[in-house]
Amino acid sequence: MDKTAKLYIVVPCYNEEAVLNETAKQIRDVMLKMLDERLIKDSSRVVFVDDGSTDDTWSIIDTLINRDSIFAGIKLAHNAGHQNAVYGGLMTVMDDCDCAITLDADLQDDISVIPEMVAKFRGGCDIVYGVRNKRTTDTVFKRTTAVAFYRLMQAMGVNLVFNHADFRLMSRRAIEALAKYPERNLFLRGMVPSIGYPSACVYYDRNERLAGESKYPLKKMLSFAFDGITSFSVTPIRLIALMGAAACIIAIAMAVYTLVQKINGNTSAGWASIMLSIWFIGGVQLLSLGLIGEYIGKVYNEIKRRPRYIIEAYINNDQGEEQ
Ligand code: UDP
Ligand code: MG
Numbered sequence: 001m002d003k004t005a006k007l008y009i010v011v012p013c014y015n016e017e018a019v020l021n022e023t024a025k026q027i028r029d030v031m032l033k034m035l036d037e038r039l040i041k042d043s044s045r046v047v048f049v050d051d052g053s054t055d056d057t058w059s060i061i062d063t064l065i066n067r068d069s070i071f072a073g074i075k076l077a078h079n080a081g082h083q084n085a086v087y088g089g090l091m092t093v094m095d096d097c098d099c100a101i102t103l104d105a106d107l108q109d110d111i112s113v114i115p116e117m118v119a120k121f122r123g124g125c126d127i128v129y130g131v132r133n134k135r136t137t138d139t140v141f142k143r144t145t146a147v148a149f150y151r152l153m154q155a156m157g158v159n160l161v162f163n164h165a166d167f168r169l170m171s172r173r174a175i176e177a178l179a180k181y182p183e184r185n186l187f188l189r190g191m192v193p194s195i196g197y198p199s200a201c202v203y204y205d206r207n208e209r210l211a212g213e214s215k216y217p218l219k220k221m222l223s224f225a226f227d228g229i230t231s232f233s234v235t236p237i238r239l240i241a242l243m244g245a246a247a248c249i250i251a252i253a254m255a256v257y258t259l260v261q262k263i264n265g266n267t268s269a270g271w272a273s274i275m276l277s278i279w280f281i282g283g284v285q286l287l288s289l290g291l292i293g294e295y296i297g298k299v300y301n302e303i304k305r306r307p308r309y310i311i312e313a314y315i316n317n318d319q320g321e322e323q
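Our numbering applies: residue 1 is where the sequence shown begins, and numbers increase by one.
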């Protein structure tokens with residue numbers, strides 16, 4: 001594969017008015033440099049996906065598109081969430097490009113490695129993962145929870161690229177493969193490695209957020225991690241079975257103990273152990289029920305076959321033009 005690539009950069013944006021102009025400028029600079037070096041085609045684009053923002057994000061995107069045809073925009077009709085916005089962006093541009101890079105709007109990921117990603121694509125890689133060298137700019141809390149999360153996922157047999165988030169290049173054929181995954185609960189960093197096409201990594205240092213607040217507060221982060229686990233692993237179900245077995249063994253021991261006490265005539269000793277068992281078994285049951293409920297909830301969501309996102313507008317000055 002030697003010809004220049006038609007590259008689309010897909011940027012999910014949720015209430016990003018504080019960073020958008022600067023982000024657009026910096027990505028544009030990288031694009032222009034690659035154009036100069038004939039790495040990418042003139043028809044390459046930066047596509048902003050407005051994920052139902054409630055601030056001025058869309059009007060900024062609109063202005064950018066009018067000012068320079070290198071920019072394009074997709075407006076989702078409601079806030080579909082980061083993963084759905086990325087996925088929706090990829091699905092929308094799939095037929096227009098040779099390869100697409102997904103990138104957060106806050107530029108925490110170093111865009112100067114984009115040319116390296118494109119070079120790897122031209123060298124025959126279908127998927128190029130952006131991998132963070134170190135996370136010194138993240139808070140200690142975010143860092144430790146992230147490491148714990150990767151370890152946990154690995155332990156449960158989910159194939160993840162360590163320290164890779166959603167900064168990656170995918171060839172058109174890899175995106176087409178992704179389109180075949182019918183699940184609604186998206187966890188892209190687990191799904192993409194499971195495609196299996198030739199892949200490579202590029203390494204970079206993670207930066208501070210340019211401006212604005214993280215759109216992933218603790219609550220969203222936990223629910224994302226939990227989604228990742230329950231969408232990809234049956235280990236929690238096995239844990240329930242194990243816990244059930246352990247509880248049974250404890251119950252048998254308790255029964256033997258109670259019987260011995262009774263034979264010895266110490267019957268008044270029974271109260272504490274009974275109370276203990278009731279609470280213990282009750283706790284285990286509740287926990288198990290909650291977990292099973294989580295899976296049933298997933299099944300429910302999948303079975304509804306709801307659209308993952310709804311596009312309100314797609315503006316691209318390149319529509320229908322050349323190849
Ligand atoms: N984002 C989105 N929809 C959401 C939440 C976030 O499209 O519901 C986008 C956001 O605009 C950003 C990216 O997802 O481009 C990552 O979000 P953020 O930087 O806030 O997460 P963090 O880096 O703190 O984990
Ligand atoms: Mg961020």
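No residue lacks a Cβ here, since even glycine has one placed at the ideal position from N, Cα and C.
- Between the ligand MG and R189, a heavy atom-to-CB distance of less than 6 Å is absent.
- With a threshold of 6 Å, the Cβ atom of D106 counts as near the ligand MG, since some heavy atom of the ligand is closer than that.
- With distances taken between CA atoms, Y203 lies nearest to G130 out of G130, D50, N301.
- The beta carbon of F167 is closer than 6 Å to those of L103, D109, G130 in its chain, skipping five residues each way along the sequence.
- In this structure, the C-beta of R305 stays at least 6 Å away from each heavy atom of the ligand MG.
- Taking 7 Å as the cut-off, the beta carbon of E17 is found closer than this to the beta carbon of D56.
- Contact between the stretch 251 to 264 and the stretch 166 to 186 is absent, with fewer than three C-beta pairs closer than 8 Å.
- When rounded, the separation of the alpha-carbon atoms in G157 and N163 is 16 Å.
- Note: P12 is bridge-paired with V49 in the DSSP secondary-structure output.
- Relative to the ligand UDP, the nearest heavy atom lies less than 6 Å away from the CB of H82.
- Distance from the CA atom of T92 to the CA atom of I40, rounded to whole angstroms, is 20 Å.
- Annotated three-state conformation of I127 is strand, per DSSP.
- By the 16-neighbour rule on beta-carbons within 10 angstroms, P12 is buried.
- Distance from the C-beta of C13 to the nearest heavy atom of the ligand UDP is below 6 Å.
- Contact check between the stretch 184 to 197 and the stretch 221 to 229: three or more CB pairs, one atom from each, fall below 8 Å, which counts as touching.
- With a threshold of 16 other beta carbon atoms within 10 Å, Y300 falls short and is exposed.
- Excluding the 5 residues flanking it on each side, K75 has same chain C-beta neighbours closer than 6 Å at D50, W58, E312, A313, in chain order.
- Segment contact: the stretch 19 to 37 against the stretch 106 to 126, three or more CB-CB distances shorter than 8 Å; contact assigned.
- Burial check for D98: the Cβ neighbour count within 10 Å reaches 16 or more, so the residue is buried.
- Positions of the beta strand (DSSP E) runs, each at least 3 residues long and wholly inside the stretch 238 to 279, cannot be given because no such run exists.
- For R168, the enclosing beta strand (DSSP E) begins and ends at 164 to 171.
- For T57, the enclosing alpha helix (DSSP H) begins and ends at 57 to 67.
- For the pair Y197 and D95, the CB atoms are not nearer than the 7 Å cut-off.
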